[in-house]
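Step one of this worksheet: look at the structure below.
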Amino acid sequence: MFISALLTGLGLAARPSAVCTREMLKEATGGYLEALAAGKTAFSALSSATVPYQENDVVMDISKGVLSQGIQIDFNRSLYDTTLCASYTEIVAATKHPYVIGTRLALTDGKVTKIESNVCDDGDWLFNATTSLSYNNKETWDPIPEGKRDSREVIKAAGDAYIDAWGDSSVQPPFNPNCTRLEGGLYVTGNCKLNFPPPFNVTNRRYTIDEELGAIDIFHNFPFLDKALPKDPGTTTNNLMRIEGGQIRYIHENTVCSKKGCAK
Numbered sequence: 001m002f003i004s005a006l007l008t009g010l011g012l013a014a015r016p017s018a019v020c021t022r023e024m025l026k027e028a029t030g031g032y033l034e035a036l037a038a039g040k041t042a043f044s045a046l047s048s049a050t051v052p053y054q055e056n057d058v059v060m061d062i063s064k065g066v067l068s069q070g071i072q073i074d075f076n077r078s079l080y081d082t083t084l085c086a087s088y089t090e091i092v093a094a095t096k097h098p099y100v101i102g103t104r105l106a107l108t109d110g111k112v113t114k115i116e117s118n119v120c121d122d123g124d125w126l127f128n129a130t131t132s133l134s135y136n137n138k139e140t141w142d143p144i145p146e147g148k149r150d151s152r153e154v155i156k157a158a159g160d161a162y163i164d165a166w167g168d169s170s171v172q173p174p175f176n177p178n179c180t181r182l183e184g185g186l187y188v189t190g191n192c193k194l195n196f197p198p199p200f201n202v203t204n205r206r207y208t209i210d211e212e213l214g215a216i217d218i219f220h221n222f223p224f225l226d227k228a229l230p231k232d233p234g235t236t237t238n239n240l241m242r243i244e245g246g247q248i249r250y251i252h253e254n255t256v257c258s259k260k261g262c263a264k
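If you want it as structure tokens, here you go:
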């Protein structure tokens with residue numbers, strides 16, 4: 001009784017905290033996809049018309065970005081992270097203007113408070129929306145039965161190990177024997193491991209983790225690939241992974257180039 005009265009006096013009386021639900025994230029993401037298809041820069045879950053918006057790590061006016069164009073969406077897949085209250089959506093447009101887009105929505109109190117998009121099209125690393133669409137349609141990303149789901153910690157550790165191993169050959173990512181990697185429009189089977197000469201510092205990681213789907217997406221910088229940019233921090237990329245039984249089954253990487261083909 002005394003504690004309750006004291007909290008009330010301090011203006012700290014217990015209030016129901018905002019709960020982030022899967023349904024809330026689905027609704028916001030659905031609104032974003034409808035706006036993207038229609039070429040509208042506003043949708044009901046936006047917290048304001050001036051919500052922080054960036055494409056390829058560049059902060060910009062939302063009215064100048066891909067949302068304003070109206071694209072034909074041929075495929076989309078979403079992750080819902082109720083811990084961070086964020087969603088990630090992989091989008092493939094193979095007709096009209098081809099795109100492969102990865103968008104992360106961050107929510108606060110049910111409203112979108114930040115939008116980050118990785119927008120790839122012609123000239124970006126190994127870009128091919130047609131083959132990306134084809135391979136996406138062939139993969140199985142069904143929800144994992146509750147009793148077989150990996151923990152958030154296991155999923156994150158697997159995703160980090162994949163990226164950490166690029167610059168440290170002593171790191172052994174937990175690859176599924178049937179691991180496949182979709183890099184731009186190139187599909188690689190049987191060997192998902194990559195290794196680059198050190199030092200190789202992958203910075204600015206932003207995570208979206210969905211235990212139900214067994215999936216993680218990591219927005220980050222990719223050192224040295226784009227010859228037109230400084231090696232560190234490098235160019236913009238994201239890696240989407242499916243984790244099954246603690247092992248990496250699928251990897252999707254989409255990397256932005258400042259010049260065609262990353263000036264190779």
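With our numbering as the guide, the letters of the sequence shown map in order to residues 1 to 264.
For every residue, glycine included, the Cβ atom is placed at its ideal position computed from N, Cα and C.
Residue i - DSSP class collapsed to helix/strand/coil
i	result
R149	coil
L213	coil
V171	coil
C120	strand
T131	helix
N137	helix
C179	strand
M24	helix
I155	helix
L107	strand
I101	strand
S78	strand
T50	coil
V66	helix
T237	strand
Span of the alpha helix (DSSP H) around residue i
i	result
G190	First-last for G190: undefined, no H or E at that position.
For residue j and residue i, the rounded distance between their alpha carbons
i	j	result
A5	K231	With a pLDDT of 43 at A5, under the threshold of 50, the modelled position of this residue cannot be trusted, and the question is left open.
T41	D74	20 Å
G9	G110	The predicted position of G9 is uncertain, since its pLDDT is 42 and thus under 50; a value taken from the coordinates is nonetheless stated next. One C-alpha to the other measures close to 29 Å.
G245	V154	9 Å
Q172	V112	37 Å
G238	N221	Going by the sequence as given, residue 238 is Asn instead of Gly. Their backbone Cα atoms lie some 8 Å apart in a straight line.
F43	L79	19 Å
K26	T180	27 Å
L240	D81	14 Å
Residue j beta carbon less than 8 Å from that of residue i
i	j	result
T203	T235	no
N56	N118	yes
I71	Y32	no
H252	L182	yes
G123	G261	yes
Chain C contact for residue i (CB, 8 Å cutoff)
i	result
I62	No chain C is present in this structure, which holds just one protein chain.
Residue range of the beta strand (DSSP E) that includes residue i
i	result
R249	247-255
S87	86-93
T41	Counting along the chain, T41 falls outside any beta strand (DSSP E), and DSSP gives it neither H nor E.
Integer-rounded CB distance, given that residue j should sit under 8 Å from residue i
i	j	result
L107	A28	6 Å
L67	A35	6 Å
R77	E90	5 Å
T131	G185	4 Å
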